[in-house]
Amino acid sequence: MISFLIFISVFLFMECVTWLTHKYIMHGLMWYFHEDHHQPKYAHPFERNDIFFVIFAIPSIVLFYYGVEGGINYLFFIGLGITTYGFCYFMIHDVLIHQRFKWFKNTKNKYLIGLRKAHKVHHKHLGKEDGECFGMLFVPFKYYKM
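Here the numbering used here runs 68 ahead of the position in the sequence shown, where the first position is 1.
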């Protein structure tokens, strides 16, 4: 039971980490890597922005490694929470919203439509300033009603 609580807590906490990272790191210090993501068309299948997948994967890999050493411990479930969030982020952001992979083209789900609308509002700003909607899985309710 405690393992599940660790996993779900880390998963939920990652939305806060994502929001803060997106607003203050991606739209700040590391804008160089994120900037191409805000351009209307991508010239290549990969973007500089993809480096953030690697950056978030490193702690997960380390936590998995130390989380199975001598038997599964709490570090494993922290890594699992981060990895599961990353998978959900990938499915929502890259597959559903940006259609980098054409797996789910049409959806009638209000939650998923709300996520797409909020992200579209985020991308209307091509520069690093004046951004909004920095989260991914939890966005303001007004986007579900539009």
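We treat Cβ as the ideally placed atom computed from N, Cα and C, and that holds for glycine. Quick caveat: nothing in here was measured; it's all calculated off a predicted structure.
Can you round the beta-carbon distance between ALA186 and TYR211 to whole angstroms, since I take them to be within the 8 Å contact cut?
As a first step, residue 186 is located in the sequence shown; it is residue number 118 there, counting from the start. As a first step, residue 211 is located in the sequence shown; it is residue number 143 there, counting from the start. 4 Å between Cβ atoms; contact.
Between which two residues does the alpha helix (DSSP H) carrying PHE72 extend?
Along the sequence shown, one-based indexing puts residue 72 at 4. That run of the alpha helix (DSSP H) goes 70–88.
Please state whether DSSP places VAL207 in a helix, a strand or coil.
One-based indexing of the sequence shown puts residue 207 at position 139. VAL207: coil per DSSP, three-state reduction.
If you reduce the DSSP assignment to three classes, tell me which class PHE169 lands in.
Residue mapping note: residue 169 aligns to position 101 of the sequence shown, counting from 1. Correct three-state label for PHE169: coil.
In whole angstroms, what separates the C-alpha of TYR92 from that of ASN117?
Here residue 92 refers to the residue found at position 24 when the sequence shown is read from its first residue. Here residue 117 refers to the residue found at position 49 when the sequence shown is read from its first residue. In a straight line, the C-alpha of TYR92 is about 15 Å away from that of ASN117.
Spatial neighbours of TRP87 within its chain, please: C-beta separation below 7 Å, excluding the five flanking residues on both sides.
For this step, residue 87 is matched to residue 19 along the sequence shown. So the list reads PHE202 and GLY203, once near-sequence residues are dropped.
State yes or no: is the C-beta of ILE74 within less than 9 Å of the C-beta of PHE169?
The residue labelled residue 74 in the question sits at position 6 within the sequence shown. The residue labelled residue 169 in the question sits at position 101 within the sequence shown. Cβ atoms of ILE74 and PHE169: not closer than 9 Å.
Can you tell me where the alpha helix (DSSP H) holding LEU97 begins and where it ends?
Mapped onto the sequence shown, residue 97 falls at position 29. Premise fails: LEU97 is in no alpha helix (DSSP H) and is neither H nor E.
Figure out for me which residue from GLY182, LEU205 and GLU197 has the closest Cα to the Cα of LYS213.
On the sequence shown, position 145 is the one that residue 213 refers to. Here the closest residue by C-alpha is GLY182.
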